[in-house]
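Enquirer: From first to last, the protein sequence lines stand for chains Y and U.
Its first residue numbered 0, the first sequence is counted upward by one per residue in numbering that gives the first Met the number 0.
Its first residue numbered 0, the second sequence is counted upward by one per residue in numbering that gives the first Met the number 0.
Yeah, the Cβ is synthetic: ideal placement off N, Cα and C, and Gly gets one too.
Got a structure for you, questions after.
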Amino acid sequence: MSELGHIDVLFVGAGPASLAGAIRLKQLLEAKGRQESVVVIEKADKVGQHSLSGAVFQAEVLDELLPDWKQSDDKFVAKMLASRVERDELVFLPNRRAAIKIPYFMVPPSMRHEGNYIISLSEMVKWLANLAGGLGVEIYTGFAAKELVIKDGVVTGVKLGDKGLNKEGGQQANYQPGETVAARVTVLGEGSLGLLAEDLVGRFGLARGRNQQVYSLGVKEVIRLPDQNSFGPNRVLHTLGFPNRADVFGGGTLYSLESNMVAIALIMALDWRYCDLNPQRELQLFKSHPFISHLLEGGEVVGYGAKTLPEGGYFSLPQLVSDGAIIIGDAAGFTSSKKLKGLHYALESGRLAAAAIFDAIEGGSFSKEDLKGYEARLAESFVIKDLRAAKNHRQVFNYGLYLGAPLSFIQQWLPRLATEPDYKGMRRVRLGRCYQGGLDRLTDLSFSGTEHREDEPSHISFIDPAECEPCEAGYGCHPCESFCPGEVYRAEDHKIMLSPSNCLHCQTCRVKCPLQNISWQLPEGGDGPKYKMM
Amino acid sequence: MNYIVLVKQVPDIRNIPKEAWDWEKGTLKRGLLDNVLNELDKQALAFALKMREKKQGRIIALTMGPPFAEEVLRYALSIGADDAVLLTDRKLGGADTAATAYPLGQAVRKIEKEIFGGDRDYLIVSGMQSVDGDTAQVPPQLAEELGIAHIAYAVAFAFEGGQLQISRITRRGSEKVAPAGFPCLVTVTEWTRPSYPSFSRTRWAHSHRLYQWSAADINADQSRIGLAGSRTIVVKIFSPREAGQRNCVFERDLKKLAGMIKEAYLNRARAVEEEEKPKYRLPKGKQPDYEGEVWVYAEQEGGELSPASFELLGKASQLAAVLGERVGTVLVGRGVNGLSRELIARGADRVYIAEHELLENFLPVPYGRVISEMVAKHRPQMMLFSATPLGRELAPRVAYGSGSGLTADCTGLEIADFKRLDREYTAILVQTRPALGGNIMASIITQNSKVQMSTARPGVMRALEPDPARQGEVIKYKPAITEADLAARIVYTEHLPPASDIKDAKVIICGGRGLKSREGFDQYILPLADRMGKFLGQEAMVGASRLAVEIGCIGRGHQVGQTGQTVKPRLYVAVGVSGAVQHVTGMQGSDIVVAINKDPNARIFQVADFGVVGNLEEVVPELIKALDSQGGSSE
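Here is the structure:
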C-alpha cells in the first residue's frame, strides 16, 4: 500500500504517449513482481476530453504493447477493426471550383493509408486509460501541473495549479492550494506546446544546436451525415490546395467515422503570413468547395475542436532526458509532417520510455545518464528512422507549395534546413475573405463543450497591453481576433476584450502573436474542452 | 455526531448531444451522456463537512446507482468523507422516488447498525433535489420511511447551547428549526462554493475500500423496489414546445411596434388559459379505475391562503366535473375556519379542516401525519398540492405515508384513458411535467396506489373567479397531537421581502455587449425595463448576456445563457445582443422575443418574433417614448 505522496513514476498528461508508457511500465513491473507506483495526472475533467487528432492510425504499434488487442471485446477495438481504410484518395483543389484526383501511382507512399485504421483519439485514450487502470495505474483528472519542481538541477516532481481563486487572484472560501506532487521520475506527456516540457528544455539547454520547433494548427469538425450519403464508410480523403494559398503549408482531411459521421479538418502551418486568416472560417470555406460540399450534403455539425501539432521533425527534437525527467510524445515533437502522423510515434515513444524507466528503477537511480537508454532505444526504432526520412520535409515548404512539393521528394538528402519561429511569419497582407457561409465561430465553439469557471483568474493575458494598439496600426487589424479558433479575442473600440472561457487550449495565440505579447497559462484543472469523439 | 450524506450521479444536462434523444422510443440514451455528481449534493457534502468541524464524527457517503456511480463516492471521499456505501443491484433499477426511498432507508438502517454500531445520534444530509428527476421527493420520503423529521432548504446551521439549529429558506423568508431528536434529515440548497479535492486525498480515495451492498444485503422487500415497487411510471417523453422557427417581423415604426408587442403579450396570456379545455368522456360500459373525491391541499400561512391553491382548485373543479365527482380541500392550521368561505367560493365542495393549536405553524411531520389520516379516512381518488416549497416537502411525506405515487411539478393534468403493455387504464390522471432541467417533457401515470397524487407548478393552472354564492360543506377534523409529534421546533422566523428571481420573471429586458459599459446599461436598459413594465402592467426584470456581465454592466445573477440562467418569460427583449447560440440556449423558450441590434445579420433575429435594426442609442429612447405615449397598463 503506497504511502500517500510517495510516487515513483509520474506521467503528466493522459494522452496516448503517457498511457502507453504507463501500461508498458506496469507490465514490466508486474513481470518482475515489483510494486512501484505509476501515476498519471491530466488537466481535463475526464480522460479524452482534451485529445484531438484525425486520425488515420498505424496500428502495428499496438501489437508490441498489447499483443492480443485484436481479441479484446472492448467496444473501441471493435469500432477500430471495423474502420479499416478501404478507400484512400489524394485530391488537389487548385481553386475554389476544380478538383483533381491524384492517381494512386502518383501518390507518395507516405500518403498511402492501406492497412491503417480510422479512429477517434479521444475514444482511444479512454480505452487505454481503462486498460491502464486495470493494470494498477492511478489516473487522476482535473489536476493541472503548473510548474516543474527542481532541486539542485534534478526534477523532483511538479506543482499543481491552485483552485478556487477569484478573478482578482484572491482566495475564495473553497480555495485549494496546488500541492507539490513528488516523484522519482517525471514523464512529460503534455502534448503539443506542453509548457513544462518547454520549461525543461529551456532551463537545461536541451535544444542547443537544434532547430526551432514549428507547429501547424488543425481545426476539426465532426459532422453527422444522413444514412444515405455520398461519402461512405471506411474512406479517407486528403486534399491539397484550396482554401490554403500556396504559401500556407497544410491540407484538408476527411475521414469516415462510425454511424455515418465524418471527421473533417483543415491543417495550416502556423507561420502563415496573412494577418486576417481565421482558421475556423477557412474550414467553412473548405466545406464550401463543391467537391467537398457534395460529400457533406445533408450533414450536421456535432463536434468541433482545434489543436496544434509539432512539425519541425527530426532536427527540432531536443534532448529528451534530464535528471529526473523524460519527454515523450508530441511534447517532444515526434510527428512526421510527411506522413501527417504522430500518434503511433507517440505510443511507441511512451513504450520505449517505459523500458528505460524500468531499467532505471532496477538500477535505483534516475539521472540523465540512467535515462539515456530511452534516446538509444528511440534511435533504433522506426520513430527516429521515419523522422530522419522526413528531416527536411517541413522546411522545404517554406518555399511555397509549388517548389516545396517537388523538393519534398529529395528533402532527406539535403543538408539541414533551418526553421524560423512561426510568429515571424506574419505580414501586413490580407486574405480578405468574404465568404460568410457555414457556421459562425461561436456556434462551432458550442460544439466543443469548452467551459471554464467564469470567475476564475484569466489564464490568458497580454504581457504588455499597450503593445496591442501599435499591432493594430501595423497590421490594419488585430490578428489575434482572427487566428484564435475559439472566440477568446474580440476587438472592441480598438481594445482587445478577452473571453478566456472560450479557450480551446490549443495555444495558437502564444505561438502566433507577432509581438509575442500573449501569455498563456494553464487554467484551473478540470476546465477546457470536453471533446467526445475527436 | 455522525453523518450520512446522500449523493447521486446524474447525466450532465448542460451537455446533451442531439443524438442522445430517441424521440420514437421516448427515451434518452443515458450511455451517451457524461455523468457528473448532482451539484446540490456537493453542497450537501460541504454542509456535512462544515458541521463536522463543530461536531466531530464520521461522514458516510451513500449512493444508489449502477456500478459506475462509484465515481461520485470517490469524489465524496476525496473531499473528506470517511467511508462510502454503494448500493447497487439490477433489481433496484427503474425505481421511482418511493422505490428509491425505501431501499435507501434500508441502507441507512444497515449503516446505523453496522457502521455506527447502533448509535442513533446521526444526521442525514442530502441535496434538495437532483437535476435529472428534479422532484425533490426522495429526501422527505426517506425521512417518512425512517419515521424521522426532515428540515428542507437548509442554508446554514448553528449549535446553540449544544442544540442544533438549522436555518432554512421559506416562501416568506427564513426560519430556524431545531430537530427534536436524532436521527434527523436535512436537505440543503445552494449555500456555499463546493469543495475541491486535494491531490493527496484523491489518491487516498482512489484506493479506499467502498462498502458495496446489493438488494439482498439490505434485506429489501422485492415488492417495494425497482419497477415493480414504483408507484409512478413514465409513459412517454417528448420535446417541450418547439423553440424553433420564428419569423422575425421587422418594424421600424416604434409606435406600431409597441402596439404589436402589447397585443402579442395579451394574446399569449389568453392562449395559456385556453389550452386547458378538457374533452374527456367516460367510455360506455367502463368503470373508472379510481373512485372518490378530487382533493386539493389548501396552503395557508399566517391566515392567508396561497393563490397557487386557488389555481389548484380551478384545475380540480375541471377534473372533478369530468369525473362526476366532488372537489374536496384540506386545510390544516389553527384558527383557520374562516378561510373555508373563500375556498368554497373558489370551487371547493367540501372543506376538510384539521385544527389544533400545535398546528399553527407548518412543520412537515405533524402536517403530513394529519393529512395522511384524513386521506385514509375519506379515500379521495386524487390529491393535488401546489409545487411551492412547502408543497414540495409536504406532499412526498403524505404520498409515501399513504402508499401513493406522487408526481412533482406538473404543468399538465388531465383525465384520460390509457393503454400500455396490454393493460388498460380508464379515467386516470395523466400527469405531464418537465424533467432533465426542462430539456424534456414527461407524461406519467400512477400505479399500485390508493390515491393519485401530484404537485402542480404554480402559475400554470387557472383559478376560478370567486363565486360568493357558491355552497359547500365544512367537515371538521380533530387531530390528536402532542408536542412530541411535532418532531421539531421552530425557533425563529423572519419575513423577508421576496427576492425576485429572473427565472420567474414574466418580462425580461436583456442587454448585451452592445451596451458597452455599466453606464450604457444604466442609461438604456434600466429605463426600458421600467417603462416596458409600466406599459404591460407587469414588472420587468433586467437580464444580461455573459459578455455584458463580464464587462461589468450588471451582476452575474442577471446572466442569461448556457452558463447563466435559463429563462422562459412571456416577453424577452434583447438589446445589443448578438444572439450567439450560448445565449440563445438560455432564452429560446421565451414566448415572445423582440430584438434590437444594429447588425441586420445578427443571429438574434433568427430567434426573434419582432426586430428593429438600428443603433440602440437611438432606438431605445424612441421606443421608450412610444411606450409612454401609448400609456397605461394592460387589463
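#1: With a cut-off of 8 Å on the beta carbons, I'd call K166(Y) and D526(Y) a contact; round off their distance for me.
#2: Grab me the residues of G372(Y)'s own chain with a C-beta within less than 6 Å of its C-beta, minus the 5 sequence neighbours each way, in chain order.
#3: Report the option in W68(Y), L64(Y) and K337(Y) whose CA atom is closest to the CA atom of K390(Y).
#4: With a CB to CB cut of under 7 Å and the five nearest residues on each side skipped, what residues in its chain are close to L651(U)?
#5: So, for L438(Y): in the same chain, excluding its five sequence neighbours on each side, which residues have a beta-carbon less than 7 Å away from its beta-carbon?
#6: Of the residues D7(Y), I6(Y), A13(Y) and L9(Y), which one's Cα is nearest the Cα of D329(Y)?
#7: What span of residues does the alpha helix (DSSP H) with R391(U) cover, start to end?
#8: Which term fits M105(Y), buried or exposed, when burial requires 16 or more other beta carbons within 10 angstroms of its beta carbon?
#9: Can you tell me whether A83(U) is buried or exposed, with buried defined as 16 or more other CB within 10 angstroms of its CB?
#10: Which of the three DSSP states, helix, strand or coil, is assigned to H582(U)?
#11: Does Q394(Y) have its Cβ less than 8 Å from a Cβ in chain U?
#12: Look up C502(Y) in the DSSP assignment and say whether it is helix, strand or coil.
#13: Assuming S308(U) and E298(U) form a contact by the criterion Cβ under 8 Å, report the distance between their Cβ atoms to the nearest whole angstrom.
#14: With three or more beta-carbon pairs closer than 8 Å as the criterion, would you say the region 458-478 of chain U touches the region 258-266 of chain U?
#15: Would you tell me roughly how many angstroms separate the C-alpha atoms of Q537(U) and F609(U), rounded to the nearest one?
#16: Got a sec: which bits of the region 130-156 of chain Y sit with their beta carbon under 7 Å from any beta carbon on chain U, in order along the chain?
#17: Jot down the residue ranges of each uninterrupted alpha helix (DSSP H) in the region 507-589 of chain U, minimum 4 residues, whole runs only, in chain order.
#18: Quick one: which residues of the region 563-584 of chain U get their C-beta closer than 7 Å to a C-beta of chain Y? List them in chain order.
#19: In whole angstroms, what is the alpha-carbon distance linking V235(Y) and L256(Y)?
#20: Are the CB atoms of K449(U) and L383(U) nearer to each other than 8 Å?
#21: Alpha carbon to alpha carbon, how far is A324(Y) from Q318(Y)? Give it in angstroms, no decimals.
#22: Closer than 7 Å between beta carbons: that is the criterion. Which residues of the region 165-188 of chain Y meet it against chain U?
#23: Is there at least one Cβ from chain Y nearer than 8 Å to G616(U)'s Cβ?
#24: With a CB to CB cut of under 8 Å and the five nearest residues on each side skipped, what residues in its chain are close to K25(Y)?
#25: Considering Cα atoms alone, identify which of V35(U), G560(U) and L44(U) is closest to G510(U).
#26: Exposed or buried, which one is R280(U) when buried takes at least 16 other CB atoms within 10 Å?
#27: Please work out which residues of its chain come closer than 8 Å, Cβ to Cβ, to M460(U), disregarding the five sequence neighbours upstream and downstream, and give them in chain order.
#28: So for Q26(Y), helix, strand or coil by DSSP?
#29: Assuming K162(Y) contacts E523(Y) under a Cβ cut-off of 8 Å, what Cβ separation, rounded to an integer in Å, is found between them?
#30: Taking a cut of 7 Å between CB atoms, which residues from the region 171-200 of chain U lie near chain Y?
#31: With burial defined as no fewer than 16 other Cβ atoms inside 10 Å of the residue's Cβ, what is the status of T252(Y): buried or exposed?
#32: For E257(Y) and chain U, any beta-carbon pair shorter than 8 Å?
#33: Counting Cβ pairs, one atom from each stretch, are 3 or more of them under 8 Å apart for the region 589-600 of chain U and the region 485-499 of chain U?
#34: By the three-class DSSP mapping on this structure, what secondary structure does P178(U) have?
#35: Using three-state DSSP, classify M0(Y) as helix, strand or coil.
#36: Work out the CA separation of R530(U) and D627(U) for me, nearest whole Å.
Expert: Let me spell this out:
#1: Reading the first sequence from its first residue, position 167 is the one you call residue 166(Y). Reading the first sequence from its first residue, position 527 is the one you call residue 526(Y). Rounded to the nearest angstrom, the Cβ distance from K166(Y) to D526(Y) is 14 Å, too far for a contact under 8 Å.
#2: In the first sequence, the residue the question calls residue 372(Y) occupies position 373. In the same chain as G372(Y), and ignoring 5 residues on each side of it, the C-beta atoms closer than 6 Å to its own belong to A355 and D358, in chain order.
#3: Numbered from 1 along the first sequence, position 391 holds the residue referred to as residue 390(Y). When only C-alpha atoms are compared, the closest one is K337(Y).
#4: Outside the displayed range of chain U (0 to 634) lies residue 651(U), so it cannot be described from this structure.
#5: By one-based count along the first sequence, residue 438(Y) stands at place 439. Setting aside the 5 residues that flank it on each side, L438(Y) is surrounded in the same chain by Q283 and V300, each with a C-beta closer than 7 Å to its C-beta; the list follows chain order.
#6: By one-based count along the first sequence, residue 329(Y) stands at place 330. Relative to the Cα of D329(Y), the nearest Cα in the group D7(Y), I6(Y), A13(Y) and L9(Y) belongs to A13(Y).
#7: Numbered from its first residue, the second sequence carries residue 391(U) at position 392. Its alpha helix (DSSP H) spans residues P388 to G400.
#8: Counted from its first residue, the first sequence places residue 105(Y) at position 106. By the Cβ neighbour-count rule, M105(Y) is exposed, with fewer than 16 other Cβ atoms within 10 Å of its own.
#9: One-based indexing of the second sequence puts residue 83(U) at position 84. Residue environment: A83(U) is assigned as buried (16 or more neighbouring CB atoms within 10 Å of its CB, all protein chains considered).
#10: If you number the second sequence from 1, residue 582(U) lands on position 583. Correct three-state label for H582(U): helix.
#11: Counting from 1 along the first sequence, the entry for residue 394(Y) is found at position 395. Closer than 8 Å: no.
#12: What you label residue 502(Y) is simply residue 503 of the first sequence in a count that begins at 1. Correct three-state label for C502(Y): coil.
#13: Reading the second sequence from its first residue, position 309 is the one you call residue 308(U). Reading the second sequence from its first residue, position 299 is the one you call residue 298(U). 5 Å between Cβ atoms; contact.
#14: The answer is no - the region 258-266 of chain U does not touch the region 458-478 of chain U, with fewer than three Cβ pairs under 8 Å.
#15: Within the second sequence, the letter at position 538 stands for residue 537(U). Within the second sequence, the letter at position 610 stands for residue 609(U). Per the coordinates, the alpha-carbon of Q537(U) lies some 20 Å from the alpha-carbon of F609(U).
#16: Residues of the region 130-156 of chain Y whose Cβ lies closer than 7 Å to any Cβ of chain U, in chain order: E137, Y139 and F142.
#17: Runs found: 525-535, 545-549 and 580-583.
#18: Contact residues of the region 563-584 of chain U toward chain Y are A579, V580 and Q581 (C-beta to C-beta distance below 7 Å).
#19: Residue numbering aside, residue 235(Y) sits at position 236 when the first sequence is read from its first letter. Residue numbering aside, residue 256(Y) sits at position 257 when the first sequence is read from its first letter. The straight-line gap separating the alpha-carbon atoms of V235(Y) and L256(Y) is approximately 10 Å.
#20: The count along the second sequence starts at 1 and reaches residue 449(U) at position 450. The count along the second sequence starts at 1 and reaches residue 383(U) at position 384. Contact flag unset, no.
#21: Taking the first sequence and counting its residues from 1, one reaches residue 318(Y) at position 319. Taking the first sequence and counting its residues from 1, one reaches residue 324(Y) at position 325. One C-alpha to the other measures close to 11 Å.
#22: Within the region 165-188 of chain Y, the qualifying residues are Q171, A172, N173, Q175, E178 and V180.
#23: As a working mapping, residue 616(U) is identified with position 617 in the second sequence. Checking the displayed sequence, the identity of residue 616(U) turns out to be Glu instead of Gly. With 8 Å as the cut-off, E616(U) does not count as an interface residue toward chain Y.
#24: As a working note, residue 25(Y) is residue 26 in the first sequence. So the list reads V37, A131, L134, G135 and V136, once near-sequence residues are dropped.
#25: Here residue 510(U) corresponds to residue number 511 of the second sequence, with the count starting at 1. Per the Cα distances, G560(U).
#26: Taking the first residue of the second sequence as 1, we reach residue 280(U) at position 281. R280(U) counts as exposed, since fewer than 16 other C-beta atoms from the protein chains shown sit within 10 angstroms of its C-beta.
#27: Along the second sequence, read from residue 1 onward, the residue named residue 460(U) stands at position 461. Hits under 8 Å: E275, E310, L311, G313, K314 and L412.
#28: Along the first sequence, one-based indexing puts residue 26(Y) at 27. Helix at Q26(Y).
#29: In the first sequence, the residue the question calls residue 162(Y) occupies position 163. In the first sequence, the residue the question calls residue 523(Y) occupies position 524. Indeed, because the Cβ distance is near 5 Å, the residues count as touching under 8 Å.
#30: T191, R192, P193, S194, Y195, S197, F198 and S199: these are the residues of the region 171-200 of chain U whose beta carbon lies less than 7 Å from some beta carbon of chain Y, given in chain order.
#31: As a first step, residue 252(Y) is located in the first sequence; it is residue number 253 there, counting from the start. T252(Y) is buried by the Cβ-count criterion.
#32: Counted from its first residue, the first sequence places residue 257(Y) at position 258. No, E257(Y) does not count as interfacial toward chain U.
#33: They do not touch, by the three-pair rule.
#34: Here residue 178(U) is taken as the residue at index 179 of the second sequence, counted from 1. Strand at P178(U).
#35: As a working mapping, residue 0(Y) is identified with position 1 in the first sequence. The predicted model places M0(Y) with a pLDDT of 35, which falls under 50 and marks its position as unreliable; any figure quoted below should be read in that light. In the three-state scheme derived from DSSP, where H, G and I count as helix and E and B as strand, M0(Y) is classed as coil.
#36: Working through the second sequence from its first residue, we reach residue 627(U) at position 628. Working through the second sequence from its first residue, we reach residue 530(U) at position 531. The straight-line gap from Cα to Cα measures roughly 7 Å.
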